[in-house]
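Numbered according to my numbering, the sequence shown spans residues 47 to 303. All C-beta atoms in this analysis are idealised placements derived from N, C-alpha and C, irrespective of residue type, glycine included.
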Amino acid sequence: MKYTLDTDFSSLNGPKAANWIMGFQDMAEDAFADSSSHSRLLGNLLILEPYLHTIRQGLADRCRTVPAILQEALDILWDYLEGRKAPSDFQDFANNLYAATLNYNVGEEITDAQAEFYEKHIDIPWGSTCEWQILTWLSVLLMEVVAISGGRLDFEEYEEYEQDVDFAEMEEMLNMLADAFIDLTNTPLPSNKASDVMNAQEQVYQTPLFRQFIERIQNGLKAALSATPEQYPALQEEYRQYAILPEEYAAKLLGCL
């Protein structure tokens, strides 16, 4: 059976739902195969906005606000999408932000200038998994936009970039939160053995909470596929009000990761 973004996820049993999750990135790529870079970027942003809103709700429970760097990077992408900024306006920011996420994620050495940027702009606590995952996602999107436009690139992996805006970081988010849902749904997990984890995940995929989560991702991507540039501002305002999870789960999500 060939799964698509239009597949009714709630109709799938555990193993079939697992196959849908494993094929998510390919499904997204297939759906956007004939779409512009702007549509593909919009698809990412319409998932990032609700995700960040859920993080905002969870942080509020801890008397914290969303790190300014997350909102700044997200706003730059919207400004580009809606024609208010050119890639040349933010290529330095994109390269420095990407360096910061590499330093955090894999211990990549950074230059003095990049370290200065890190100290000045990165206001995310060490170990805040969701916030760093969002920042990494945003940095990848910024670098993809700069690469596609022929802007300045400080990293070899983007110098010969021949792809388009992709959905790899969205899939990373999906897999990371799928694990968190084991705790969010109180699904039994006897051990960390692969077979037990797989069985727990398949149970999670059939819960109303996870199915609602997938439906929101599907709806966001389908909205991006059909949107015209004139609709972008309204979609930004609409999706900024949404959350990827019901508010009562936001604080618990941060505690799971």
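Here S85 has F78, A270, L271, A273 as same chain residues with Cβ atoms under 8 angstroms from its own Cβ, once five neighbours each way along the sequence are excluded. If you draw a 10 Å sphere on the C-beta of C176, you find 16 or more other C-beta atoms in it, and that means buried.
Annotation: E155 is outside any alpha helix (DSSP H) and is labelled neither H nor E by DSSP.
The continuous alpha helix (DSSP H) containing K298 extends over residues 296 to 302. Looking at the backbone, the Cα of V186 and that of S134 are separated by about 16 angstroms. The DSSP-derived three-state label of N238 is coil. If you draw a 10 Å sphere on the C-beta of L255, you find fewer than 16 other C-beta atoms in it, and that means exposed. When DSSP states are grouped into helix, strand and coil, M216 belongs to the helix group.
Burial check for R198: the Cβ neighbour count within 10 Å stays below 16, so the residue is exposed. Counting the other Cβ atoms within 10 Å of the Cβ of P113 gives 16 or more, which makes it buried. Residue nearest to L281 within the set K239, G266, G153 is G266 (criterion: CA-CA distance).
For T147, the CB contacts under 7 angstroms within the same chain, skipping 5 residues up- and downstream, are L181, T182, S185 in chain order.
Take the alpha-carbon of Y295 and the one of D158: they are about 40 angstroms apart. Pairing Y49 with N59 gives a Cβ-Cβ distance that is not under 8 angstroms. Contact between the segment 277 to 293 and the segment 88 to 99 is present: three or more C-beta pairs spanning the two stretches fall below 8 angstroms.
Per DSSP, R130 lies in no alpha helix (DSSP H) and is assigned neither H nor E.
Under the three-state reduction of DSSP, V112 is assigned to coil, being neither helix nor strand.
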